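Asks: Residue 407 in full-length UniProt numbering sits at position 407 of the sequence shown, with consecutive numbering throughout.
Please read through the structure below; I'll follow up with questions.
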Amino acid sequence: MIKFWLMVLALCLPVAAHAADVQVDCSGASAAPVVGNLAQLNDMRFAPGTRILFKRGVTCHGSFVPSADSSGTAAAPIVVSSYGDASAGRAVIAAGCRDAEVDADQALTNRARTAQGRSPYRSLCRSDGGPVARAAIHLRNLEYWEIEGLELTNDGLSDGPRVGLLVQLENFGAGHHYHVRDLYVHHVRGMPKDADGLPYKETGGILFNITRPEAAQRKTWFDDVLVEHSEIFHVDAIGLSTRSAWMCRAGGAPCGDYPPYKGKPVPASAAADYTPSTRVVFRNNHIHDIGGDGIVVRTAVQPLVEANLLHDIWMRAAGNSAGAWAINTDGARFQYNEIHHVRYQEPWEPGDGMAFDADLGTRDTQVVHNYSHDNGGGFMLFCACDKDGLGNPSLSTGTLVENNLSVNDGRRVIVFAGSQGAVVRGNLILNTQPGLISPAAENTGMGSKNAGEIRDNVFYHGANAGTLWRAMKSELRHDDIRWSGNHFYGYPDRAEFQSAQFFTGDSANTIQPAASFDPDATAAAWLTSTSFKERSYQR
Numbered sequence: 001m002i003k004f005w006l007m008v009l010a011l012c013l014p015v016a017a018h019a020a021d022v023q024v025d026c027s028g029a030s031a032a033p034v035v036g037n038l039a040q041l042n043d044m045r046f047a048p049g050t051r052i053l054f055k056r057g058v059t060c061h062g063s064f065v066p067s068a069d070s071s072g073t074a075a076a077p078i079v080v081s082s083y084g085d086a087s088a089g090r091a092v093i094a095a096g097c098r099d100a101e102v103d104a105d106q107a108l109t110n111r112a113r114t115a116q117g118r119s120p121y122r123s124l125c126r127s128d129g130g131p132v133a134r135a136a137i138h139l140r141n142l143e144y145w146e147i148e149g150l151e152l153t154n155d156g157l158s159d160g161p162r163v164g165l166l167v168q169l170e171n172f173g174a175g176h177h178y179h180v181r182d183l184y185v186h187h188v189r190g191m192p193k194d195a196d197g198l199p200y201k202e203t204g205g206i207l208f209n210i211t212r213p214e215a216a217q218r219k220t221w222f223d224d225v226l227v228e229h230s231e232i233f234h235v236d237a238i239g240l241s242t243r244s245a246w247m248c249r250a251g252g253a254p255c256g257d258y259p260p261y262k263g264k265p266v267p268a269s270a271a272a273d274y275t276p277s278t279r280v281v282f283r284n285n286h287i288h289d290i291g292g293d294g295i296v297v298r299t300a301v302q303p304l305v306e307a308n309l310l311h312d313i314w315m316r317a318a319g320n321s322a323g324a325w326a327i328n329t330d331g332a333r334f335q336y337n338e339i340h341h342v343r344y345q346e347p348w349e350p351g352d353g354m355a356f357d358a359d360l361g362t363r364d365t366q367v368v369h370n371y372s373h374d375n376g377g378g379f380m381l382f383c384a385c386d387k388d389g390l391g392n393p394s395l396s397t398g399t400l401v402e403n404n405l406s407v408n409d410g411r412r413v414i415v416f417a418g419s420q421g422a423v424v425r426g427n428l429i430l431n432t433q434p435g436l437i438s439p440a441a442e443n444t445g446m447g448s449k450n451a452g453e454i455r456d457n458v459f460y461h462g463a464n465a466g467t468l469w470r471a472m473k474s475e476l477r478h479d480d481i482r483w484s485g486n487h488f489y490g491y492p493d494r495a496e497f498q499s500a501q502f503f504t505g506d507s508a509n510t511i512q513p514a515a516s517f518d519p520d521a522t523a524a525a526w527l528t529s530t531s532f533k534e535r536s537y538q539r
């Protein structure tokens, strides 16, 4: 009798896949051993070294959620890729509607744009049945996975808690090696605002998320996250992001933003929670038509965000959003990125809409050799305008913004909403649109101290209408923001430079007419000196 029940139990266990190729063809045209649908695939346990190959040109409907104990190893990661005729197109996992229009060239979606350039969410669904799927691919408490070459969608006729690729850890310890290459993630209908206990910033294209419903769990973090050569298009709300509930520390972002402290008192012991993810790299990705933020790095140490192309950001979401930014992170480096047409939504004040942001709880952020242009809210935001949940102010310390090119970034170029020791140095800031005033800097007066050095930059306004400050509150003083060695072309109001609100540092600033400066030649020289075309996004 015991043997009988052991046999029954064995039959009920997931099928074990040895380190071999597992082919998946959801068209119904292939016989066993080819796997015919995602339900069968989800019942399998994958050994290290397994390759899971989806047939090109075929759509699998549903979600790929690998079973527990399906981790690879450092020597033998599990690989998800494709097989078959390359001319057939990508293999697709469609977690949302089964009946959908095809928009291979993105023309159907782009037709929904308004005259102002924004677009509402344009679903491709003709009909939408069944429960909302959390993600097209959902890895939970697994490690050593590589995913490449697929197309992921998670569409719907209404907003929902959807993601394209979701990698989630909880009570796990260190999760290693998540490499994502050449994915096309599009039409993910997430949430433009918080709903049903789920933050809208946990929906979107690709999300690495560490959750923690209970306080008494193991510290958990990601190690070795790489997302490169991928495209994320028309998703709500976030393009590409890391998040972690192990984020509480003195001077950090608010502890109460996440469980287990959300809506509860934060104990003093939570100051020791902080556990950042390591070796995070987001490189050479094209991210566009995003409801909210483009790229967000949260609770990490020395992440690298480089050579990405982001545009048409903050198209729909109800909350403040920016192009690429860090929060609660140490040593983030943003380099050789191009960011343009981040929208600015007027109801929000002071609002974001910037290309870059060193936000709450950041330390030693570097924003260098980037090209920012035509962003509705401006170029750079420093934000430390909150509390850490432990009784201390949030900080944004040691940010370096150096040798960037900003062209026609609107509303204001640099925003101080709380900073400690920021340095804005050696940047080329050009305004060639006559109707665009775009003051050089803004002090938001949000109750946070601002300390910054604006040094050795070039500010150019081609219409000779440049201004220094956007006045948020007339009583604000800018004592801790010092201007040294800057060159202003087309800033005619010399009274601004002599007012009690302008504090010169250790070297004089110069003021000259716009006609004495050649913006085109100077921008071309910047592109050459930085090798930007060679080191930025490559298709």
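Glycine included, C-beta positions come from ideal geometry on N, C-alpha and C.
Only a predicted model underlies this, so the values are computations on that prediction, with no experimental measurement involved.
Please name the residue or residues paired with Ser372 in a DSSP beta bridge.
Replies: Ile339 and Ser406
Asks: Answer yes if the region 514 to 522 comes into contact with the region 493 to 504, meaning at least three C-beta pairs across the two stretches below 8 Å, and no otherwise.
Replies: No contact exists between the region 493 to 504 and the region 514 to 522.
Asks: Rounded to whole angstroms, what is the Cα-Cα separation between Thr211 and Gly204?
Replies: 17 Å
Asks: What would DSSP say about Ser269, mapped onto helix, strand or coil?
Replies: helix
Asks: Should Ser507 be labelled buried (16 or more other beta-carbon atoms within 10 Å of its own) or exposed?
Replies: exposed
Asks: Between the Cα of Ile295 and the Cα atoms of Ile313, Arg279 and Val35, which residue gives the shortest distance?
Replies: Ile313
Asks: Reducing DSSP to helix, strand and coil, say where Glu231 ends up.
Replies: strand
Asks: Which whole-angstrom value describes the C-beta separation of Thr206 and Val185, a residue pair presumed to lie in contact below a C-beta threshold of 8 Å?
Replies: The sequence as given places Ile at residue 206; Thr does not occur at that position. Contact flag correct, Cβ pair sits at about 6 Å.
Asks: Name the residue from Ala322, Asn337, His187 and Ala332 whose alpha carbon lies nearest to the alpha carbon of Gln345.
Replies: Comparing Cα-Cα distances from Gln345 to each of Ala322, Asn337, His187 and Ala332, the minimum goes to Ala322.
Asks: With DSSP as the reference, label Phe502 as helix, strand or coil.
Replies: coil
Asks: Are the beta-carbon atoms belonging to Val415 and Thr444 less than 8 Å from one another?
Replies: Going by C-beta atoms, Val415 is nearer than 8 Å to Thr444.
Asks: According to DSSP, which residues form a beta bridge with Val458?
Replies: The partner list for Val458 (beta bridge, DSSP) reads Leu428 and His487.
Asks: Under DSSP, the beta strand (DSSP E) around Asn320 begins and ends at which residues?
Replies: Asn320 -> no beta strand (DSSP E), and no H or E assigned at all.
Asks: Taking 8 Å as the threshold, find out whether the region 170 to 178 comes into contact with the region 104 to 116 through three or more Cβ pairs.
Replies: no
Asks: In whole angstroms, what is the alpha-carbon distance linking Ala524 and Met380?
Replies: Roughly 22 Å separates the two Cα atoms.
Asks: Have a look at Glu534 and Ala215 and give me their C-alpha separation to the nearest angstrom.
Replies: Glu534 and Ala215: Cα-Cα distance of roughly 47 Å.
Asks: Looking only at its own chain, which residues have a Cβ that is under 7 Å from the Cβ of Ser127, when we skip the five neighbours before and after it?
Replies: By the criterion of a C-beta distance shorter than 7 Å, Ser127 is surrounded in its chain by Cys97 and Asp99, once the five residues flanking it on both sides are discounted.
Asks: Are the region 329 to 339 and the region 299 to 319 in contact at 8 Å, needing three or more beta carbon pairs?
Replies: yes
Asks: Measuring straight from C-alpha to C-alpha, what distance separates Ser394 and Ala195?
Replies: Spanning the two alpha carbons is a distance of roughly 26 Å.
Asks: Can you name the start and end residues of the alpha helix (DSSP H) that Arg535 belongs to?
Replies: Phe532 to Arg535
Asks: Rounding to the nearest angstrom, what Cα-Cα distance links Lys55 and Tyr83 in this structure?
Replies: Their Cα atoms are separated by approximately 5 Å.
Asks: Look at the alpha carbon of Pro260 and the alpha carbon of Leu198, and state the distance between them as a whole number of angstroms.
Replies: 14 Å
Asks: Can you give me the Cβ contacts of Lys449 inside the same chain, cut-off strictly under 6 Å, excluding the 5 residues immediately before and after it?
Replies: none
Asks: Which one of Arg279, Asn427 and Arg45 has the shortest CA to CA distance from Ser67?
Replies: If we check each option's Cα against that of Ser67, Arg45 comes out closest.
Asks: Whose C-alpha, out of Asn370, Val24, Trp221 and Val368, is nearest the C-alpha of Asp273?
Replies: Trp221
Asks: On the three-state DSSP scale, how would you describe Arg189?
Replies: In the structure shown, Arg189 falls within a strand segment according to DSSP collapsed to helix, strand and coil.
Asks: With H, G and I counted as helix, E and B as strand and the rest as coil, what does DSSP make of Gln40?
Replies: helix
Asks: Which residue wins for smallest C-alpha separation from Gln433, given the options Ala136, Val423 and Ser406?
Replies: Ser406
Asks: If contact is defined by three or more beta carbon pairs under 8 Å, each pair taking one atom from either stretch, is the region 231 to 239 in contact with the region 283 to 298?
Replies: yes
Asks: Starting from the Cα of Thr399, find the closest Cα among Leu38, Gly389, Leu53 and Thr365 and give me that residue.
Replies: The option with the nearest alpha carbon to Thr399 is Thr365.
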